[in-house]
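In the numbering used here, the protein residues as written are 1 to 110.
C-beta atoms are modelled at their ideal positions from N, C-alpha and C, and glycine is treated no differently.
All values derive from a computational prediction rather than experimental measurement.
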Amino acid sequence: MVLQKNARDIEFKKQQIWTVVSAIPYGCVASYGQIATMAGLPNYARFVGSCLKNLPKDTLLPWHRIINSQGKISFPLDSARFFRQKELLEKEHVLVSNGRVSLKKYQWNV
DNA sequence: CCCCTGACATCAA
DNA sequence: TTTGATGCCAGGG
Numbered sequence: 001m002v003l004q005k006n007a008r009d010i011e012f013k014k015q016q017i018w019t020v021v022s023a024i025p026y027g028c029v030a031s032y033g034q035i036a037t038m039a040g041l042p043n044y045a046r047f048v049g050s051c052l053k054n055l056p057k058d059t060l061l062p063w064h065r066i067i068n069s070q071g072k073i074s075f076p077l078d079s080a081r082f083f084r085q086k087e088l089l090e091k092e093h094v095l096v097s098n099g100r101v102s103l104k105k106y107q108w109n110v
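The following block contains the structure:
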C-alpha cells in the first residue's frame with residue numbers, strides 16, 4: 001500500500017482500522033499493533049489508539065477488545081475509562097485482573 | 001519548521 | 001521481569 005500523507009488517505013486508513021476492529025469476534029482480544037498490521041498499516045499502532053480515542057460513547061465498534069502488547073488494558077487502573085473497558089470485557093466473559101486480560105492475544109481464526 | 005504528546009511496540013540491560 | 005531509550009505516525013501549538 002502506498003503511504004501518502006494527505007487528508008484523504010488518512011481517512012482511508014481510519015476506515016481500514018475500523019474494519020479490522022469491527023471484525024474482532026466476541027470474547028476475543030487483539031493488540032494495537034496487530035490491528036494496525038492486519039489493516040495493512042504496520043507501525044501504525046499508535047495511530048490505532050488515536051483513532052479510537054474520539055469515538056462516540058455509543059459506538060458499535062468493539063474498542064474494548066483492543067489491549068496493548070503486554071496483554072493489559074492501556075489505561076490507568078483507577079481511571080473511569082479503565083473500568084468501562086473492564087466492564088465491557090467481563091460482560092463477554094473475559095476476566096481482567098490487575099489490568100491484565102485472561103486471554104492470550106491473537107486468539108481467533110482469520 | 002521544530003517540538004511535544006499520545007488508548008503503542010520493541011529491544012537492550 | 002521491569003525499565004529506559006528508540007522508533008513510529010498523526011495532530012496541535
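query = Who pairs with R100 in a beta bridge, going by DSSP?
reply = K72 and S97
query = Leaving out the 5 sequence neighbours to the left and right, which residues in its chain are closer than 7 Å to Y26 when beta-carbon positions are compared?
reply = E92
message = Which residues does DSSP list as the beta-bridge partners of A36?
response = Bridge partners of A36: none, in fact.
Whole-number beta carbon distance between I35 and I66, since they are thought to touch under 8 Å = 6 Å
ask   = Could you give the distance in angstroms between the alpha-carbon of N43 and the alpha-carbon of L55?
value = 21 Å
key: Counted within 10 angstroms of its Cβ, other Cβ atoms place A52 as buried (16 or more) or exposed   = According to the sequence shown, residue 52 is Leu rather than Ala. L52 comes out buried.
message = Just to confirm before moving on: does the CB-CB distance between W113 and V21 stay below 8 Å?
response = Residue 113 is absent from the model: the chain starts at 1 and stops at 110.
query = Cβ of G49 within 8 Å of Cβ of Q16?
reply = no
query = For Q85, which residues of its own chain have a beta-carbon under 7 Å away from its beta-carbon, when the five flanking residues on both sides are left out?
reply = H64, I73 and F75
ask   = By Cβ distance below 7 Å, which residues in the same chain neighbour A23 in space, the five residues on each side in sequence not counted?
value = none
query = If you draw a straight line from the C-alpha of G60 to the C-alpha of W18, how long is it?
reply = The amino acid at residue 60 is misidentified as Gly; the sequence shows Leu. Computed Cα separation, rounded: 10 Å.
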